[in-house]
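J.: Okay, here's the structure, questions in a sec.
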Amino acid sequence: MPDDALGTAMLDRVRGCLRAPCIYRDGDDAADAHIVENYLVPPEEWPDAKWEFLDSLRTPMLDVGCGAGQHALAVQERGDVVAFDVSPNAVRAARERGVGDAMVADMFSLPFDTDARFETVLANGTQTGLAGSLDGIAELLDTLASLTTATGDLVVDSYDPTRLSPGTCFGYRDDPRDGLARRQFHVEYGDFRGPTLDFLLCSPERLESVAAAVGLDVCEVVFPNEESAYYRMRLRR
């Protein structure tokens, strides 16, 4: 069974006892996993653009794959937030940092009843790409959107393959289809080895088409800057 490598590294960093570098591994290639930059930057160091994004997330909010809880921590200051992650140690890290309602759960087997409703469902970290196929992403978007209110938003993100190349994205794999690519790696932390993560990356046009197939409209697509391949998309039923 794969180890909880990334979550364990997060928890150790929160506790001040990081014991080894945390890295991404793809065959012989390795890269820093940047656990501080990606998950643990203190709020006082966040740029204005990040605060503007967080301010746009209405409550009650569901934080899907919350990691060490950076988004949940900020948003719970002004409303109800439910956060979950498949990593038990990431959830421990989130709780120890102060996230009030954090649980271990899998986005592919949600523990919520059909009456659960949120103004925002946030799936940050290109996680929807883990569904593995266009049909899988469509099904996941449909499931997550079913947890929003009539006025609620589903907020997801990805990397636009039309702006990527192997040298600019660790674990990059070409896909012969337009507007698609794959990204594959696993996380290593000391003797811990996490599961292989296989992401399907979609251009905004591709993701919009997938969303439309399950009745979701695109309200907003935001790139941080003109050069960035990373983007966020806001969807609504």
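UniProt numbering puts the first residue of the sequence shown at 1, with every later residue one more than the last. We put the beta carbon where it would ideally sit given N, CA and C, even for glycine.
For Gly171, I'd like the list of residues in its chain whose CB is within less than 6 Å of its CB, leaving aside the five on either flank, ordered along the chain.
T.: Asp26, Arg183, Gln184 and Phe185
J.: Name the two residues that bound the continuous beta strand (DSSP E) containing Phe84.
T.: Val81 to Asp85
J.: Roughly how many whole angstroms lie between the Cα atoms of Ala5 and Glu96?
T.: 18 Å
J.: Using CA coordinates, which residue listed in Asp12, Arg15, Val210 and Pro47 is at the minimum distance from Ala138?
T.: Val210
J.: Check this for me: beta carbons of Ala68 and Met10, under 7 Å apart or not?
T.: yes
J.: With a Cβ-Cβ cutoff of 7 Å, do Asp63 and Leu122 count as a contact?
T.: Yes, these two residues count as a Cβ contact at 7 Å.
J.: Is it true that the CB of Val214 sits closer than 7 Å to the CB of Leu164?
T.: no
J.: Using CA coordinates, which residue listed in Leu40, Phe118, Asp32 and Arg193 is at the minimum distance from Leu144?
T.: Phe118
J.: Gly194 and residue 246 - do their beta-carbons sit closer together than 7 Å?
T.: What the structure shows of the chain is the stretch from 1 to 237, and residue 246 is not part of that stretch, so it cannot be assessed.
J.: Among all the DSSP beta bridges, which residues are the ones paired with residue 243?
T.: As displayed, the chain neither begins before 1 nor continues past 237, which places residue 243 out of reach and without an answer.
J.: Which partner residues does Cys202 have in the DSSP bridge list?
T.: Cys202 is bridged to Leu180.
J.: Is the distance from the Cβ of Ala83 to the Cβ of Ala72 below 7 Å?
T.: yes
J.: Please report how far the alpha carbon of Glu45 lies from the alpha carbon of Trp51, in whole angstroms.
T.: Spanning the two alpha carbons is a distance of roughly 10 Å.
J.: Check each candidate in Phe53, Ser87 and Val99 and name the one with the smallest Cα separation from Asp80.
T.: Val99
J.: Which term fits Asn225, buried or exposed, when burial requires 16 or more other beta carbons within 10 angstroms of its beta carbon?
T.: Residue environment analysis places Asn225 among the exposed positions, since fewer than 16 neighbouring C-beta atoms fall within 10 angstroms of its C-beta.
J.: Within its chain, find whatever has a CB closer than 8 Å to the CB of Pro111; leave out the 5 residues flanking it on each side and keep chain order.
T.: Answer for Pro111: Phe84, Met103 and Ala105, listed in chain order.
J.: Which one of Tyr189, Leu154 and Ser158 has the shortest CA to CA distance from Arg236?
T.: Of the candidates Tyr189, Leu154 and Ser158, the one whose C-alpha sits nearest the C-alpha of Arg236 is Leu154.
J.: Thinking C-alpha only, which one of Thr149, Val222, Arg78 and Ile23 is nearest Val53?
T.: In the sequence as presented, Val is not what sits at residue 53; that position holds Phe. Ranking Thr149, Val222, Arg78 and Ile23 by Cα distance to Phe53 puts Val222 first.
J.: Considering just the uninterrupted stretch of the beta strand (DSSP E) at Asp142, what are its terminal residues?
T.: Careful: Asp142 lies outside any beta strand (DSSP E), inside the alpha helix (DSSP H) at Leu134 to Ala145.
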